[in-house]
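**Student:**
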DNA sequence: CTGAAAGCGCTTACAG
DNA sequence: CTGAAAGCGCTTACAG
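Below you can see the structure in the form of structure tokens.
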């Protein structure tokens, strides 16, 4: 691999001039610059990121903390994150927490001591204090999907609107007893879904039937059991909204076991679709969110923060995406 | 962050001694060593990996090239990869190719010029030449799931045995007309599945009904269309084996649309299960493969190679896992 | 057994 | 406008 020294020799200048020409960090005579650029090209020189990093105190690495990857929307988000990271020559350290706050805590404490330049996190909300500390210490942080701490930047979908619109949609389709299977209300996205649902039911004059959960609700089993539970107590339910796709798959299975026809007797809609809906025996209507794009945006927002931290410290930014209603067989 | 200099000062020795004590790279007097270790502890010193890397010419980063993450077994494998990488203080650069050989080629050519110390790849098999070149240049490489190039190490599942055993299992369940929906036969894992299937059918005296594909077969749509196609030409089919889960989900949907009962009229089994099978309206029997463990093993094997490259160059290793038959409703 | 010195490949004040 | 020098935080021959 050619080094800056090789380039300097070929271009007949000092390495400091090469550095300046490449980084535009000071005026370099145009003629000198083209000589340098020609040499760079000839040697197909690539700067050594380690050396740059050592000098600048940067590692060119971002930490990515997510609940899980397998069978989850985060795998799609991650593809977007990685794409932008790669384009900016950043590596990643990916950690999954299974939404266990103590696992998350341990991971954050390891990550903060000099492993990463910035952090992308979909957190449990239980370690906000650590996040604030890290941020105060100069770590760039962007929250993804879950805006748990308004003092930190975020890239999320508008779950409140999703739930509101989904409820209205079901009403228009004829449903009058609409229930919501939700997640842990201590997490912002679930609170938002509830709030949108609640506003719509009030507006429409409907009863509110809401199940929340304190442990891991992002599962097939939780969807399944919640549906059974719901129908045991509410014979009239004619629509079930679920927070995420995987719950919906559980609900569909439960309704099949109970020999309840979808969508005629009960309609089902997911509030966080990610292109799984159309791959089922009964394809599922969903508010589809642009997962890949959200990943890309969060990643580039973070890298931007990292690289412009010195000059004028970028402020807190919140970016919100809208979900798109995609009708399928379950409604 | 404390540096080696701080440790040296506190322990009253030269930084070179600190380095030696920490790396066990030369004999250090036990007393000196404990002084150093005490200082390290007091300052909670963490070596700067960038500086180490700069000196040793290593980046502490591995490249991970996979077909895709979303709705795929690779997302689970990746969790295992990341876990081991993190434990060894390695970062990753993750690239998805969608099994497009030219995308893969571009990615490999970018990655090879000094970005990574080693490569983990589930490749298309179309760029084996580049891989061999990279390996000859000193890049450590481990193939995962797909052993396309026997001169390079690999961690795979035994697909041949999976297909063989699955066929025998279906026979025992009463099936006599067993078909296989497979993938691109240019890829080793699909050839292996076919071979296991073929051996079993010959042994059992059954007809062979095999569909392969040249483009992206790892989809719901491909499974769906293949099932329709298959049944158009072979009225007697009473069992369908699919290469991967997602195809099986498509097959189940197709059979539902055709009002064919599963498992009474047709049985369905997936040859590469990854815990999706039990989450469906009709849960699916599968040869389950230990994805997470395969990820961990491939990752630690690669890091081992990277770190022991100098002393005695580790030879080519091939590690094979067995799938486990998990019966569910579809058989 | 341990210290002093050189060097990995860069960046950036400091001169001129 | 550009060169010479110092330094980022380590490792490793070279002496002694």
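Protein chains in written order, with the working numbering: chain A, 571 to 901; chain B, 571 to 901. Built from N, CA and C at the ideal position, the CB exists for glycine as well.
Using the Cα positions of residue 649(A) and residue 696(A), report the straight-line distance between them to the nearest angstrom.
**Tutor:** By 1-based counting over the first chain, the position of residue 649(A) is 79. By 1-based counting over the first chain, the position of residue 696(A) is 126. Answer to the nearest angstrom: the Cα atoms are 26 Å apart.
**Student:** Whose C-alpha, out of 663(A), 720(A), 661(A), 757(A), is nearest the C-alpha of residue 783(A)?
**Tutor:** Working through the first chain from its first residue, we reach residue 783(A) at position 213. Of the candidates 663(A), 720(A), 661(A), 757(A), the one whose C-alpha sits nearest the C-alpha of residue 783(A) is 757(A).
**Student:** Have a look at 681(B), 694(B), 716(B) and flag the residue whose alpha-carbon is nearest the alpha-carbon of residue 705(B).
**Tutor:** By one-based count along the second chain, residue 705(B) stands at place 135. For the residues 681(B), 694(B), 716(B), the minimum Cα distance to residue 705(B) belongs to 681(B).
**Student:** Assuming contact is defined by CB atoms lying nearer than 7 Å, are residue 793(A) and residue 820(A) in contact in what I supplied?
**Tutor:** Indexing the first chain from 1 puts residue 793(A) at position 223. Indexing the first chain from 1 puts residue 820(A) at position 250. Contact: yes.
**Student:** Hey, is residue 621(A)'s beta-carbon within less than 7 Å of any beta-carbon in chain B?
**Tutor:** On the first chain, residue 621(A) is found 51 positions in, with the first residue counted as 1. So, interface residue.
**Student:** Under 7 Å between C-beta atoms, does residue 819(B) make it to chain A?
**Tutor:** Indexing the second chain from 1 puts residue 819(B) at position 249. At least one chain A Cβ lies under 7 Å of residue 819(B).
**Student:** Based on the DSSP output, what are the partners of residue 666(B) in its beta bridges?
**Tutor:** If you number the second chain from 1, residue 666(B) lands on position 96. Bridge partners of residue 666(B): 636(B).
**Student:** Taking Cβ positions, are residue 719(B) and residue 698(B) nearer each other than 7 Å?
**Tutor:** Against the second chain, residue 719(B) aligns to sequence position 149. Against the second chain, residue 698(B) aligns to sequence position 128. Going by C-beta atoms, residue 719(B) is nearer than 7 Å to residue 698(B).
**Student:** Under 7 Å Cβ-Cβ, which residues of chain A neighbour residue 631(B)?
**Tutor:** By one-based count along the second chain, residue 631(B) stands at place 61. Near residue 631(B) (Cβ distances below 7 Å), the residues of chain A are 661.
**Student:** Run through chain B and tell me which residues come within less than 7 Å of residue 790(A), C-beta to C-beta.
**Tutor:** Here residue 790(A) is taken as the residue at index 220 of the first chain, counted from 1. Those within 7 Å of residue 790(A) in chain B are 849.
**Student:** Which bits of chain B does residue 645(A) rub up against, with CB to CB less than 7 Å?
**Tutor:** Sequence index remark: in the first chain, residue 645(A) carries index 75 (1-based). By Cβ distance, chain B contributes 639, 640, 645.
**Student:** Consider the Cβ of residue 882(B): report whether some Cβ of chain A lies at a distance smaller than 7 Å.
**Tutor:** For the purposes of this step, residue 882(B) is taken as the residue at position 312 of the second chain. Note that residue 882(B) scores a pLDDT of 49, beneath 50, so its modelled location is shaky and nothing firm can be said.
**Student:** Can you tell me where the alpha helix (DSSP H) with residue 602(A) in it begins and where it stops?
**Tutor:** In the first chain, residue 602(A) corresponds to position 32, counting from 1. Run containing residue 602(A): 600-613, per the alpha helix (DSSP H) assignment.
**Student:** Taking the CB atoms as reference points, tell me whether residue 634(B) and residue 678(B) lie closer together than 7 Å.
**Tutor:** Here residue 634(B) corresponds to residue number 64 of the second chain, with the count starting at 1. Here residue 678(B) corresponds to residue number 108 of the second chain, with the count starting at 1. No. Outside cutoff.
**Student:** Closer than 6 Å: is that where the CB of residue 874(A) sits relative to any heavy atom of the ligand FMN?
**Tutor:** Absence of the ligand FMN is noted for the structure shown, with no ligands found whatsoever.
**Student:** Check the DSSP bridge columns for residue 713(A) and list the partner residues they point to.
**Tutor:** On the first chain, position 143 is the one that residue 713(A) refers to. Residue 713(A) is bridged to 691(A), 724(A).
**Student:** What does residue 879(B) reach in chain A if we use C-beta pairs closer than 9 Å?
**Tutor:** Along the second chain, one-based indexing puts residue 879(B) at 309. Near residue 879(B) there are no residues of chain A at all, since even the closest Cβ is about 17 Å away, more than 9 Å.
**Student:** Helix, strand or coil for residue 800(B), going by three-state DSSP, please let me know.
**Tutor:** Reading the second chain from its first residue, position 230 is the one you call residue 800(B). It is helical.
**Student:** Pick out whichever of 745(A), 789(A), 702(A) has its Cα sitting closest to the Cα of residue 774(A).
**Tutor:** Against the first chain, residue 774(A) aligns to sequence position 204. Among 745(A), 789(A), 702(A), the Cα nearest to that of residue 774(A) is on 745(A).
**Student:** Considering only residues of the same chain and omitting the five flanking positions on each side of residue 729(B), which have a CB-CB separation below 6 Å?
**Tutor:** Within the second chain, numbered from 1, the residue matching residue 729(B) stands at position 159. Once the five neighbours on either side are set aside, the close Cβ partners of residue 729(B) are 759, 762, 763.
**Student:** Report the residue ranges of all beta strand (DSSP E) runs contained in full by the region 733-814 of chain B; include only those spanning at least 3 residues, in chain order.
**Tutor:** Runs found: 748-751, 779-781, 809-812.
**Student:** Using beta carbons (cut-off 7 Å, strictly below), is residue 683(B) in contact with chain A?
**Tutor:** Position 113 of the second chain, counted from the start, is the residue given in the question as residue 683(B). Yes, because at least one Cβ of chain A sits closer than 7 Å to the Cβ of residue 683(B).
**Student:** Going by beta carbon distance, what residues of the same chain come within less than 7 Å of residue 755(A), once the five residues before and after it are set aside?
**Tutor:** On the first chain, residue 755(A) is found 185 positions in, with the first residue counted as 1. Correct list, in chain order: 761, 764, 782.
**Student:** In angstroms with no decimal places, state the Cα-to-Cα distance between residue 827(A) and residue 751(B).
**Tutor:** Taking the first chain and counting its residues from 1, one reaches residue 827(A) at position 257. Taking the second chain and counting its residues from 1, one reaches residue 751(B) at position 181. Approximately 29 Å, taken between the alpha carbons.
**Student:** Taking C-alpha atoms, which residue in 694(A), 659(A), 656(A) lies nearest to residue 666(A)?
**Tutor:** Looking up residue 666(A) in the first chain gives position 96. Nearest of 694(A), 659(A), 656(A) to residue 666(A), Cα basis: 694(A).
**Student:** Does DSSP put residue 899(A) in a helix, a strand or coil?
**Tutor:** To locate residue 899(A), count along the first chain from 1; it is residue 329. Residue 899(A) falls in the coil class under three-state DSSP.
**Student:** Going by Cα to Cα distance, which pick from 885(A), 770(A), 591(A), 632(A) is closest to residue 684(A)?
**Tutor:** Here residue 684(A) is taken as the residue at index 114 of the first chain, counted from 1. Answer by Cα proximity: 632(A).
**Student:** Which residues share a DSSP beta bridge with residue 816(A)?
**Tutor:** Counting from one through the first chain, the residue named residue 816(A) turns up at place 246. Residue 816(A) pairs with nothing; no bridge assigned.
**Student:** So is residue 574(A) buried or exposed if we call it buried at 16+ other beta carbons inside 10 Å?
**Tutor:** Taking the first chain and counting its residues from 1, the one referred to as residue 574(A) is at position 4. Classification of residue 574(A): buried, given that the 10 Å Cβ count is 16 or more.
**Student:** Please tell me whether residue 724(A) and residue 717(A) are closer than 7 Å, where the distance is taken between their beta carbons.
**Tutor:** Start at 1 with the first residue of the first chain, and residue 724(A) comes out as number 154. Start at 1 with the first residue of the first chain, and residue 717(A) comes out as number 147. Cβ atoms of residue 724(A) and residue 717(A): closer than 7 Å.
**Student:** Which value, in whole angstroms, describes the spacing of the CA atoms of residue 780(B) and residue 795(A)?
**Tutor:** Position 210 of the second chain holds residue 780(B). Position 225 of the first chain holds residue 795(A). When rounded, the distance between both Cα atoms is 39 Å.
**Student:** Are the C-beta atoms of residue 898(A) and some chain B residue less than 7 Å apart?
**Tutor:** Along the first chain, read from residue 1 onward, the residue named residue 898(A) stands at position 328. By this cut-off, residue 898(A) is not an interface position.
**Student:** Are any of the Cβ atoms in chain B nearer than 7 Å to that of residue 571(A)?
**Tutor:** Position 1 of the first chain, counting from 1, holds the residue named residue 571(A). Chain B contact via Cβ: present.
**Student:** Under a Cβ-count criterion, where at least 16 other Cβ atoms within 10 Å of its own Cβ denotes burial, should residue 671(A) be classed as buried or exposed?
**Tutor:** Position 101 of the first chain, counted from the start, is the residue given in the question as residue 671(A). Residue 671(A) comes out exposed.
**Student:** My guess is that residue 811(B) and residue 714(B) are in contact by the Cβ rule of under 8 Å, so how many angstroms apart are they, rounded?
**Tutor:** Residue mapping note: residue 811(B) aligns to position 241 of the second chain, counting from 1. Residue mapping note: residue 714(B) aligns to position 144 of the second chain, counting from 1. Incorrect: roughly 23 Å between the Cβ atoms, too far for contact.
**Student:** Within 7 Å (strictly less), CB to CB, does residue 664(B) reach chain A?
**Tutor:** Residue 664(B) sits at position 94 when you count from the first residue of the second chain. Interface residue, yes.
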